[in-house]
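Read the structure below first, then the notes.
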Amino acid sequence: MRPAYEFKKFWLVFLMGMLIFSLSGCSKSVVRNQSQIEGYPIDSNVSTTLQRTVTPGSKPSTAITLGEVSKYSQYGYGNWTYGSGLPYDKRLDIMPTAYSSSNVTKKTKLLNFFTISDIHITDKESPNQLIYLQRLHPSLPVGASLYSGIMLYTTHVLDAAVQTVNALHNKDNKANPFDFGLSLGDTCNTTQYNELRWYIDVLDGKVITPSSGANLGADTIDYQKPYKAAGLDKTIHWYQTLGNHDHFWMGSIPVDHSLRKDLRQSYITDEVFATGDVFRDLRKMNSRDYYMGVLDGSTPYGDIKYAGPAGNFSSPPKVAADPNRRSLLRTEWMKEFFNTSSNPVGHGFNLTNANNGFACYSFAPKSNIPIKVIVLDNTQKEDDDSIDIHGHGFLDQARWAWLKKELADGDAAGQLMIIAAHVPIGVEVTAPNSEMGWWTDPQNAVTLPDLITELQSHPNLLMWISGHRHLNTVKAFISPDPVNAPEKGFWQVETPSLRDFPQQFRTFEIYLNSDYSISIVTTDVDPAVRAGTPAATSRKYAIAATQIVGTWDLTTKNNPTNDPTIKPMPTGSYNAELVKQLSPAMKAKTQILYP
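Adding 117 to a residue's 1-based position in the sequence shown gives its number in our numbering.
Encoded structure:
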């Protein structure tokens, strides 16, 4: 019996060894293949809209729908050229009437930073989208936010923008480096874990597999193929703001506090979402009138499948389920920013209590410069029991008290201040007439007039910066006493979306002038996409969506409040030098610091 035992033992050891060797070889093959995955370089000509602008062509004469992506080139949709540069509009709106800047020069640069916003990283194969609603309402501009061809390339555009930031940061041997970057919210399209991971991993420079479920087309389709993201330059710290799409389903509905009790489960199921026409009535959420569809990752143009009236289907359409599509709680979303290789770990949420979901914090970008950035979560609460769209501006009592203390502390410390929040103020009509205005519900701790009054009582506030509306609007909040206290005025600057046209980010350079006023020079930047790359296709699709849906006037002239300080935005862009007067106390301090 002993020889037979030894013989069996020999073959058992041999087979185990071969298995280990085989697995080891597979592991090395995977690693080797991963290391061979390449990225998508940007164009070598990196410029800003100060030098040239992306100018869409006129709308083609043949009408097509957003879903007919394969016909865009045939009929001339998405056509554009480079136009002339957009000069700075020097704005003195909040300065004294008699002020003259003719002999004023920029004395000292205090800060240089960039903002990105509304990237809307999208899992186009997720089963619980609202794609079919766009087909039901093809003439509504808002429908393009639920479906357009841009959904295919959201990670690629972010990667191109990051590379453009890096190029500007290192341009001319770092003659004008960025001190930090701010992301102003709506990083995800609909709260999903995989969307957030793609976003952070692009900034970290990881390999991105921009597909989910069955990973259809991952070997053959450009928008599905894995690629190596460039990653943000490790010397640039970046900080994060919470947006409504980051913690509400489709940016609109609380996942656990809505009419639809199976909403959280719908993220990770294999069954395509069915609902009613919620554009007409949100209470239709519990209906099962239409299957909303998904995009087919195995097709070159991301064809829509499994969409239409429920009666057209003999059984519920299904896709491959994916646990990585799970919806994140606010606390889970914040904690994910600690799983990163870029700086700082936590990306701002290390400065607050991520365990309780309080997404407000402040930081001083440079220890030797008296400027403080106040990052404010002004999105609605998940448990407010409202059945309205959750895109309004809102502060609960805790955030309102925190903001007032931060502003007071900044004044006391002699710091100039910047508020970074997702939702802008004073540029939309008051809710409920606007889905993006300031919420008028009694749960809101402060009315919009009272908020503005509070902000104007802090003369060290330079500006409020935001995203949310996908626009480049600049607005002046003029002092209530412009003659005797012009320093109580402040600026608001919106950063557009990297998803929708004009697909830009912004840079901000803050200068102390020779007369001890402040100049904020803000510039729009188009990602320097290289022809033939997925990001270049995205630009074409973004322009096509603008032409098809007819949002050009909204993009270039949006001013629902008829505010005289809001100027048109040529080609969707707006560059400006925004001048602000300092208080006597702050002027005296800067004269000592910068004699």
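For each residue, glycine too, the CB sits at the ideal point set by N, CA and C. Small disclaimer: the values here were computed from a predicted structure and weren't measured.
Assuming contact is defined by CB atoms lying nearer than 9 Å, are residue i and residue j in contact in what I supplied?
i: Pro599; j: Pro213; result: yes
i: Gly184; j: Glu242; result: no
i: Leu349; j: Val279; result: yes
i: Trp355; j: His237; result: no
i: Ala645; j: Ala277; result: yes
i: Ile159; j: Lys345; result: no
i: Pro541; j: Gln609; result: yes
i: Glu552; j: Gly508; result: yes
i: Glu404; j: Asn245; result: In the sequence as displayed, the identity of residue 404 is Ser instead of Glu. Cβ atoms of Ser404 and Asn245: not closer than 9 Å.
i: Val492; j: Ala481; result: no
i: Leu299; j: Phe365; result: no
i: Glu312; j: Asp240; result: yes
i: Leu579; j: Lys224; result: no
i: Asp363; j: Gly606; result: no
i: Asp567; j: Phe511; result: no
i: His75; j: Leu275; result: Here the chain comprises residues numbered 118 to 712, so residue 75 is not present and cannot be evaluated.
i: Gln532; j: Ser444; result: no
i: Ser272; j: Tyr316; result: Note that residue 272 is Thr in the sequence shown, not Ser. It is a contact, given that the beta carbons lie within the stated cut-off.
Would you decide whether residue i is buried or exposed? Buried here means 16 or more other CB atoms lie within 10 Å of its CB.
i: Glu604; result: buried
i: Arg715; result: With the chain running from 118 to 712 in the structure shown, residue 715 is simply not present.
i: Arg400; result: exposed
i: Ser141; result: Because Ser141 sits at a pLDDT of 37, beneath the cut-off of 50, its placement in the model cannot be relied upon, and the following sentence gives the value as read from the coordinates. When all chains shown are included, Ser141 counts as exposed.
i: Lys126; result: Because the pLDDT at Lys126 is just 40, under 50, the model does not fix this residue reliably, and the value given afterwards should be weighed accordingly. Result: exposed.
i: Gly428; result: exposed
i: Thr624; result: buried
i: Val546; result: exposed
i: Cys143; result: With a pLDDT of 36 at Cys143, under the threshold of 50, the modelled position of this residue cannot be trusted, and the question is left open.
i: Pro434; result: buried
i: Tyr270; result: buried
i: Ala387; result: Inspection of the sequence shows that residue 387 is occupied by Asp rather than by Ala. So Asp387 counts as exposed.
i: Pro712; result: exposed
i: Lys288; result: exposed
i: Thr469; result: buried
i: Ser217; result: exposed
i: Ala347; result: buried
i: Pro426; result: exposed
Can you tell which of the options has its C-alpha closest to the C-alpha of residue i?
i: Asp406; options: Pro417, Ala391, Arg400, Thr672; result: Ala391
i: Asp643; options: Trp669, Tyr691, Tyr316; result: Tyr691
i: Ile233; options: Gly393, Asn577, Thr304; result: Thr304
i: Gln698; options: Gln620, Ile627, Asp641; result: Ile627
i: Ala593; options: Ala476, Pro681, Arg586; result: Pro681
i: Ser714; options: Asn220, Leu228, Lys176; result: There is simply no residue 714 to check, as the chain begins at 118 and stops at 712 in what is shown.
i: Pro619; options: Ser596, Ser459, Ala652; result: Ala652
i: Ser415; options: Ile338, Pro576, Gln357; result: Ile338
i: Asn332; options: Arg252, Asp439, Asn561, His374; result: Asp439
i: Ala180; options: Ile665, Ile325, Pro712; result: Ile665
i: Trp556; options: Lys435, Pro701, Ala515, Asp501; result: Asp501
i: Ala702; options: Val171, Tyr633, Leu512; result: Tyr633
i: Pro343; options: Leu359, Lys684, Gly554, Val324; result: Val324
Terminal residues of the continuous alpha helix (DSSP H) containing residue i?
i: Ser190; result: 189-192
i: Ile637; result: Counting along the chain, Ile637 falls outside any alpha helix (DSSP H), though it belongs to the beta strand (DSSP E) covering 635-642.
i: His286; result: 271-291
i: Glu626; result: No alpha helix (DSSP H) holds Glu626; the beta strand (DSSP E) holding it covers 622-630.
i: Arg208; result: Here Arg208 belongs to no alpha helix (DSSP H); instead the beta strand (DSSP E) covers 206-208.
i: Leu565; result: 565-573
i: Val171; result: Not the alpha helix (DSSP H): Val171 falls in the beta strand (DSSP E), residues 169-173.
Under 7 Å Cβ to Cβ from residue i, same chain only, skipping five residues before and after it: list those, please.
i: Gly721; result: This structure cannot speak to residue 721, because the chain is shown only from 118 to 712.
i: Asn589; result: Glu611, Pro613, Asp641, Met686, Gly689, Ser690, Tyr691
i: His286; result: Pro294, Phe295, Asp350, Ile353
i: Asn290; result: none
Tell me which residues share the same chain as residue i and place their Cβ nearer than 6 Å to its Cβ, disregarding the 5 neighbours each side in the sequence.
i: Ala335; result: Ser328, Gln341
i: Val147; result: A caution first: Val147 carries a pLDDT of 32, below 50, which makes its placement in the model too unreliable to give a value.
i: Glu694; result: Tyr205, Lys207, Ser636, Val638
i: Tyr199; result: Arg169
i: Asp413; result: Asp420, Lys422
i: Glu523; result: Ser479, Ile491
i: Tyr264; result: Ile248, Gln251
i: Trp581; result: Ile536, Gln609
For residue i, which residues in the same chain have their Cβ closer than 8 Å to its Cβ, ignoring the five residues on either side in sequence?
i: Ser139; result: Because the pLDDT at Ser139 is just 36, under 50, the model does not fix this residue reliably, and the value given afterwards should be weighed accordingly. No residues qualify anywhere along the chain.
i: Thr172; result: Trp197, Thr198, Tyr199, Gly200, Thr688
i: Phe455; result: Val462, Gly463, Phe466, Asn467, Ala471
i: Ile385; result: Ala438, Asp439, Pro440, Arg442, Arg443
i: Val167; result: Checking the sequence shown, residue 167 turns out to be Leu, not Val. These residues qualify, in order along the chain: Gly202, Leu203, Pro204, Tyr205, Thr640, Asn692.
If you follow the beta strand (DSSP E) that residue i is part of, which residue opens it and which one closes it?
i: Trp517; result: Run containing Trp517: none in the beta strand (DSSP E); it sits in the alpha helix (DSSP H), 514-529.
i: Gln609; result: 607-611
i: Asn229; result: 223-233
i: Glu312; result: Per DSSP, Glu312 belongs to no beta strand (DSSP E); it is in the alpha helix (DSSP H), 310-321.
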